[in-house]
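Residues -22 to -1, 1 to 497 in mature numbering (1 follows the signal peptide of the UniProt record, and there is no 0) are what the sequence shown lists, from first letter to last. Where is the CB? At the ideal position from N, CA and C, for every residue including glycine.
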Amino acid sequence: ERKGKGLELLFILITLLGLSLTQHNPHFKHGRTTIVHLFEWRWSDIAAECERFLAPKGFGGVQISPPNEHIVLDQPWRPWWQRYQPVSYNLCSTSGSEEEFIDMVIRCNNVGVNIYVDAVINHMCGSGGGEGNHSSCGSWFSASNKNFPSVPYSAWDFNVNKCRTSSGDIENYGDIFQVRDCRLVSLLDLNLEKDYVRGKVAEYMNKLIDLGVAGFRVDACKHMWPGDLENVYGRLQNLNTTWFPRDSKPFIFQEVIDLGGEAISYTDYVHLGRVTEFKYGAKLGKVFRKWDEEKLFYTRTWGEGWSFMSDGNAVVFVDNHDNQRGHGAGGSSIITFWDSRLYKMAVGYMLAHPYGVTRVMSSYRWNRNFVNGKDQNDWMGPPSNTNGSTKSVSVNPDQTCGDGWVCEHRWRQITNMVIFRNVVNGQPQINWWDNQSNQVAFGRGDRGFIVFNNDDWTLNVTLNTGMSGGTYCDVISGQKEGNTCTGKQILVSHDGNAHFKISNLDEDPFVAIHAESKI
Ligand code: AAO
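Here it is in structure tokens:
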């Protein structure tokens, strides 16, 4: 019996130690709730965006593109994905220099917007990356000899003998050893079992923490052993106390693509931090596109009820920088800015629903060129100047962006739903209504209410909103400005009921009201 108690205590102790490692908290400030991925933006533009737009509109943080020095592939192209091929951990990239990076982190932190770094720690550049100084700060490296003196890493810091495939690359996602010990698309695979490599990776991440970042999106986690990641995360310092409370651990969200049916599951990683829930965008795309007989009213059980990971572990998104252009996974159901009407609805749904930490995508346009269903231009980098440098983001008088930057996060409907999510933060989902088809509505306590019409006919119904009586401004068709409303007005009677009429032909067939849109 005593032995049993002892074991039990030991188990509790191990669990507690395990929990103390967990880094699931994004450390948002001022009740903010959403991350925006400013894909390929320059640091100076992000700094300005934090001050002029993100903070005033209540965005919680920015996921930035990898800040490490990377290979430069300029014949003939400069693909966006060159940034996922590190050459060193120097902070200089096509997004800017180390000084610009530091300035961005300070300015964003000073207005309460967190910075999350995309950490590429599974590998260095591709094995065919050659030799020389074709790198974003001009550091010399040799891919053929696996020599990266600016870190430094040399041949014995990479997985070579562990991988059993003849190509040296991952050939079968059904074999967990291949997926973790072989090269992902020929990228030189770091041996994270080595203390030295773990130390170098942790040193890079700790430098970023010192500078004030709030956490990391960790790239390609499926391809790293959970034990190796646990060791690296265990070496990370607490966040910089200039901006964060004492003893705050960096927020960790891990990219693990798990649509089901593969040898490696997200469950191997959730104890270490949050994980990207890829089923979310793939399914939501099918629902709004009405593929596979999906209907919006089936989302009554959206979240864990759709066999997604548990709420506290998930980072969710409608699309990401990979699957908006056919990379990664999710398939053709993924909705992007190219389908803007559906996209606004899907992002609106995500931001209204309580499940997960939400991430909004912010993209640039490129010349799509489909041949047999595949975009030949899926590699195209961000808007650039003739010398190859990334263009600055210009802002038009109407607050949209120019020069090829899409800025989905500045679309009124999306910005206003980011605010909605903050206003209803912590409130339960209540007062669900549906028409057994593609018209649904739900509330968030007495703080907000949203109604969608994705059917091919008009929605015309009186619903219990759970909100206090008064006139509210719909934040989709317009917004409250001073004490007037530029969009539809919704009259909520003292019993909480309101009448909604949404034509399927409306520019945006959904309506959202919240406590702060009352006039
Ligand atoms: C480039 C070239 C390569 C070249 C390489 C080295 O394109 O031809 O060999 O350079 O020279 C990005 C680009 C890559 C690029 C790379 C380096 O997307 O094209 O390679 O930079 O420059 C897997 C990983 C996942 C990864 C994703 C793209 O598991 O971690 O591939 N995403 C991250 C980043 C991404 C980046 C990297 C990692 C590398 O977000 O931007 O790559 O740093 C399955 C697996 C997934 C696997 C996908 C795609 O998905 O589950 O784990 O993702 O395949 O290979 C069904 C299944 C679904 C399956 C899907 C697709 O839907 O249900 O599970 O089919 O087959």
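Check: Excluding sequence positions up to five away, which residues of its chain have a Cβ less than 7 Å from the Cβ of S341?
Finding: Cβ neighbours of S341 beyond the five flanking positions: F17, Q302, F315, V384, E386.
Notebook entry, point to check: In this structure, does DSSP put M445 in helix, strand or coil?
Noted result: For M445, the secondary structure class from DSSP, reduced to helix, strand or coil, is coil.
Item checked: Local conformation of Y62 per DSSP, three classes -> Shown here, Y62 sits in a helix according to DSSP, grouped into three states.
Margin query: Need the endpoints of the alpha helix (DSSP H) that I397 sits in, please.
Written below: Looking at the DSSP string, the run of the alpha helix (DSSP H) that includes I397 is 390 to 401.
Notebook entry, point to check: If you draw a straight line from the C-alpha of residue 498 to the C-alpha of K466, how long is it?
Noted result: Since the displayed the chain opens at -22 and closes at 497, residue 498 lies outside it and no answer follows.
Check: Taking all protein chains shown into account, do 16 or more other C-beta atoms lie within 10 angstroms of the C-beta of E233, making it buried, or fewer, making it exposed?
Finding: Classification for E233: buried.
Note to self: Using the Cβ count rule (16 or more neighbours within 10 Å means buried), how would you classify L237?
What the structure shows: Classification for L237: exposed.
Next item on the list: Compute every distance between the C-beta of E240 and the non-hydrogen atoms of the ligand AAO, then say whether any falls below 7 Å.
Entry: Annotation for E240 indicates a beta carbon within 7 Å of some heavy atom of the ligand AAO.
Next item on the list: Find the nearest neighbour of P361 within the set L217, W284, W55, judged by alpha-carbon distance.
Entry: Answer by Cα proximity: W55.
Notebook entry, point to check: Less than 7 Å between the CB of S164 and some heavy atom of the ligand AAO, yes or no?
Noted result: Result yes, Cβ under 7 Å from the ligand AAO.
Notebook entry, point to check: Taking only runs of the beta strand (DSSP E) that begin and end inside the region 32 to 96, which ones reach a length of at least 3 residues, in chain order?
Noted result: Counting whole runs of 3 or more residues, the region 32 to 96 contains the beta strand (DSSP E) stretches 39 to 42.
Next item on the list: Would you kindly check if the distance between the Cβ of N100 and the Cβ of A180 is under 8 Å?
Entry: No, they are not a contact pair.
Next item on the list: Could you tell me the distance, in whole angstroms, from the CA atom of P127 to the CA atom of G263?
Entry: Between P127 and G263, the C-alpha separation is close to 45 Å.
Next item on the list: Report yes if the CB atom of G190 is closer than 8 Å to the CB atom of W221, and no otherwise.
Entry: For the pair G190 and W221, the CB atoms are nearer than the 8 Å cut-off.
Next item on the list: Starting from the Cα of V429, find the closest Cα among E171, V163, D452, F31 and give me that residue.
Entry: Looking at the Cα atoms, D452 is the closest of the given residues.
Check: Can you list the alpha helix (DSSP H) stretches of 4 or more residues lying completely in the region 212 to 287, in chain order?
Finding: Runs of the alpha helix (DSSP H) inside the region 212 to 287: 256 to 267.
Next item on the list: Ignore the nearest five residues each way along the sequence and tell me which others in E77's own chain have a CB closer than 7 Å to its CB.
Entry: No residues qualify anywhere along the chain.
Notebook entry, point to check: Along the chain, where does the alpha helix (DSSP H) that runs through R176 open and close?
Noted result: Taken as a continuous stretch (DSSP letters only), the alpha helix (DSSP H) holding R176 covers 173 to 189.
Note to self: With DSSP as the reference, identify every bridge partner of Q407, one or two as the case may be.
What the structure shows: Answer is R422, bridged to Q407.
Check: To which residues does DSSP link Q467 through a beta bridge?
Finding: Within the DSSP secondary-structure output, Q467 pairs in a beta bridge with C451.
Check: If you pair each beta-carbon of the region 350 to 360 with each one of the region 56 to 64, do three or more pairs fall below 8 Å?
Finding: When C-beta atoms of the region 350 to 360 are compared with those of the region 56 to 64, three or more pairs fall below 8 Å, so the two segments count as touching.
Next item on the list: Indicate, with yes or no, if the ligand AAO has a heavy atom lying under 7 Å from the CB of W59.
Entry: Because some heavy atom of the ligand AAO lies under 7 Å away, the Cβ of W59 counts as near it: yes.
Check: From I313 to D173, what distance separates their C-alpha atoms?
Finding: I313 and D173: Cα-Cα distance of roughly 42 Å.
Margin query: Among the candidates Q1, H2, D52, whose CA atom is the shortest distance from the CA of S367?
Written below: Put simply, of Q1, H2, D52 the residue whose alpha carbon is nearest the alpha carbon of S367 is D52.
Item checked: A490, DSSP secondary structure in three states -> Looking at A490 - three-state DSSP - the assignment turns out to be strand.
Notebook entry, point to check: Does the region 120 to 135 touch the region 143 to 159, meaning 3 or more C-beta pairs lie closer than 8 Å?
Noted result: By the Cβ rule, the region 143 to 159 does not count as touching the region 120 to 135, because fewer than three pairs are nearer than 8 Å.
Note to self: Given this structure, state the Cα-to-Cα distance separating A241 from G380, to the nearest angstrom.
What the structure shows: C-alpha separation (whole angstroms): 44 Å.
Note to self: Just checking I408 against the ligand AAO - is the residue's beta carbon closer than 7 Å to any of the ligand's heavy atoms?
What the structure shows: At a threshold of 7 Å, I408 does not count as near the ligand AAO, since its beta carbon sits no closer than that to any of the ligand's heavy atoms.
Next item on the list: Use the C-beta contact count for D246: other C-beta atoms within 10 angstroms, 16 or more gives buried, fewer gives exposed.
Entry: It is buried - the Cβ of D246 has at least 16 other Cβ atoms within 10 Å.
Check: In this structure, does DSSP put A292 in helix, strand or coil?
Finding: In the structure shown, A292 falls within a strand segment according to DSSP collapsed to helix, strand and coil.
Checklist line | H5: CB within 7 Å of a non-hydrogen atom of the ligand AAO | finding: Using a cutoff of 7 Å, the CB of H5 does not count as near the ligand AAO, since none of the ligand's heavy atoms is closer than that.
Next item on the list: Consider the C-beta atom of Q232 and the heavy atoms of the ligand AAO; say whether any pair is separated by less than 7 Å.
Entry: Q232: no, Cβ never under 7 Å from the ligand AAO.
Margin query: Let me check you understand the geometry: is the CB of G366 closer than 7 Å to at least one non-hydrogen atom of the ligand NAD?
Written below: The ligand content of the structure shown is limited to the ligand AAO, which means the ligand NAD is not among them.
Next item on the list: For my contact list, P64 and N87 are in at a C-beta cut-off of 8 Å; report their separation, rounded to the angstrom.
Entry: Contact between P64 and N87 fails: their C-beta atoms lie close to 25 Å from each other, not under 8 Å.
Check: In the DSSP assignment, what are the bridge partners of K352?
Finding: In the DSSP secondary-structure assignment, K352 is bridged to V349.
Note to self: Can you determine whether any heavy atom of the ligand AAO sits closer than 7 Å to the C-beta of L237, and answer yes or no?
What the structure shows: Yes; taking the cut-off as 7 Å, the Cβ of L237 has a heavy atom of the ligand AAO nearer than that.
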